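Residue numbers (UniProt numbering): 1 to 329.
Each residue gets a CB set at the ideal place from its N, CA and C atoms; glycine is no exception.
Predicted model only: the values in this text are computed from it and were never measured.
Notes to accompany the following structure.
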Amino acid sequence: MRRKNVISIIVPVYNVAEYLSRCVASVLKQSYKDWELILINDGSTDQSGTLCQQYAQSDVRIRALHQENQGQAVARNAGLEAAQGEYLAFCDADDWLTPDFLTQGLAALLESKADLVTANYYHYHHNGQIKPVFSMSGPEGVFDNRQAMKFLLANEGTSSSVGARIYRRELFEGLRFIPGRLFEDAAISHRLFQRAKQVAFLRQPMMYYLKREGSTMSRRDQQIRLDELQAASERYWAVRQTYDDELATLAFASYLYDLIHVKECFLLEDYPLTKLAPYETMLRTELAKYRYRFWQYLPGRKKIEAGFLLYGNIGLVFGVKLMRRWRKK
């Protein structure tokens, strides 16, 4: 059943009892009231499941689903299956929304007739520092499919995160998060942008993203980093096969950027570099196609690191060793 004008907010929950109340409170405080909140308890071992049930009993707009621990991708898919709203939004259980997120986001979506609206968001650090992730002079307004994809690849005004957005439900028809992926946002975000005929961008931050130690996205976990690289590879091939040479070049630069980042993490944590071999082979195979046009899309420091990656790891290894020493002090 689909409910007109309702926004379904999907929140996967796993061992976040300490943070969940702030997330739910931010939904209850929304100036737009026609929403449903779907909490998916993914086999939590703390009090998260109990809290989900209590919230569901306190407000008819809140539903609690419970499943064995299967990961965030499966939890989000369960939320998608249960969602009844005409529109969809995602929020992690340790993040929270600004009071007018739904009001302003839906207004932008309807006025522009876009398929999704993506907003800026805040990083909230443990030391209390709050700052917008993207420039307040970044993209604003409605853009066609190609320009929106260009912004996504350049990380300009938006990122691979599925949060801080409102989607028309139709974008997810036949599309789901990949079970088992730890970097599931990046694996689906470019596909959503591929499907969207128009995307509305808002400069104003509409969500708070908590940067906490020990969270999935804060750790240099080996599998997370490999999933990040796999998503970057899939994004590159999707763009190369669908868009023009300029966007393919930008996607290649984005892939190179991610490979540098992942390799740095592997070197820092002494993970086996052999696991990166297929991705480095792909990099060198595709390199000739772009004749170094991709350099223009890399920031200054990444140009240097790209040189280390392409022409040998001596400088990169030396830099990582210095960083290790500094961390031990």
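Per-residue burial, residue i [other beta carbons within 10 Å of its own, 16 or more giving buried]
i	result
residue 81	exposed
residue 184	buried
residue 93	buried
residue 46	exposed
residue 69	exposed
residue 274	exposed
residue 285	exposed
residue 175	exposed
residue 79	buried
residue 41	buried
residue 77	buried
Within 8 Å, strictly: CB atoms of residue i and residue j
i	j	result
residue 2	residue 36	no
residue 55	residue 39	yes
residue 85	residue 169	yes
residue 251	residue 110	no
residue 106	residue 30	no
residue 34	residue 6	yes
residue 179	residue 43	no
residue 171	residue 195	yes
residue 32	residue 122	no
residue 88	residue 160	no
residue 276	residue 263	yes
residue 242	residue 293	no
residue 199	residue 143	yes
residue 182	residue 224	yes
CA-to-CA distance, residue j to residue i, given in whole angstroms
i	j	result
residue 13	residue 113	32 Å
residue 156	residue 138	7 Å
residue 28	residue 22	10 Å
residue 256	residue 229	10 Å
residue 150	residue 232	15 Å
residue 201	residue 140	5 Å
residue 389	residue 288	Since the displayed the chain opens at 1 and closes at 329, residue 389 lies outside it and no answer follows.
residue 206	residue 101	5 Å
residue 265	residue 254	17 Å
residue 279	residue 51	43 Å
residue 271	residue 58	47 Å
residue 259	residue 65	37 Å
contact_flag[the segment 159–178, the segment 118–131] where n(CB pairs < 8 Å) is 3 or more: yes
Uninterrupted alpha helix (DSSP H) stretches inside the segment 161–205 (no shorter than 4 residues): 184–195
Completely contained alpha helix (DSSP H) runs for the segment 228–275, where each covers 4 or more residues: 245–269
Entirely enclosed beta strand (DSSP E) segments - the segment 7–60, minimum 3 residues: 35–42
3 or more residues per run - each beta strand (DSSP E) lying fully within the segment 85–121: 85–90
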